[in-house]
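Visitor: Residues 2 to 133 in this note's numbering are what the sequence shown lists, from first letter to last.
Cβ atoms here follow ideal geometry from the backbone N, Cα and C, with glycine treated the same way.
Quantities reported herein were computed from a predicted structural model and do not represent experimental measurements.
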Amino acid sequence: MSVGILLLTHRPLAADLLRIASDILGSRPPNTEALNVINDTPRELLIAESLRISDRLDVGDGVLVLTDLFGATPANIALELCKQRPGIRVVAGVNLPMLLKALNYADLDLETLTDKALKGGRDGVCAGIPER
Numbered sequence: 002m003s004v005g006i007l008l009l010t011h012r013p014l015a016a017d018l019l020r021i022a023s024d025i026l027g028s029r030p031p032n033t034e035a036l037n038v039i040n041d042t043p044r045e046l047l048i049a050e051s052l053r054i055s056d057r058l059d060v061g062d063g064v065l066v067l068t069d070l071f072g073a074t075p076a077n078i079a080l081e082l083c084k085q086r087p088g089i090r091v092v093a094g095v096n097l098p099m100l101l102k103a104l105n106y107a108d109l110d111l112e113t114l115t116d117k118a119l120k121g122g123r124d125g126v127c128a129g130i131p132e133r
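Given below as structure tokens:
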């Protein structure tokens, strides 16, 4: 079992996050792609490309779409994918800890992976306060 992971963000975040995660993990994770959204790209083209990628990534276990900013174009495109494909889940607010958590647990079912990614993103944000 393997859930596909699509990073769908404003340019160049998706490709950069995937590159950095690949460096940390030692190789590019399988069944993972990045789609950078360029401003002024027609919505229809973004939806069509996102559908093509998600169809390619879905090997029967679904696709988790990680996007950057809820309410912005990439997240809106991701939500449109959910309407058109039943096996797609979306998490907004992607960060490197969220992506690494998702990549390390991609063999889980889609719902559990979605929860793991969300928790990884939240837990990866903290304030370091030095002792005095």
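1. Taking Arg90 as the reference, which of Glu81, Ala128 and Asn96 has the closest Cα?
2. Tell me whether Arg29 sits in a helix, a strand or coil according to DSSP, three-state version.
3. For Asn77 and Val92, what's the separation of their Cα atoms in angstroms?
4. Under a three-way DSSP split, which group does Thr42 fall into?
5. Around the C-beta of Ala22, are 16 or more other C-beta atoms found within 10 angstroms, so that it is buried, or is it exposed?
6. Taking Val95 as the reference, give the member of Gly5, Leu46, Leu14 and Thr74 with the closest Cα.
7. At what residues does the alpha helix (DSSP H) containing Gly88 begin and finish?
8. Within the continuous beta strand (DSSP E) that includes Gly5, where are the two ends?
Guide: Here's the rundown:
1. Glu81
2. coil
3. Computed Cα separation, rounded: 11 Å.
4. coil
5. buried
6. Leu14
7. Careful: Gly88 lies outside any alpha helix (DSSP H) and carries neither H nor E.
8. Gly5 to His11
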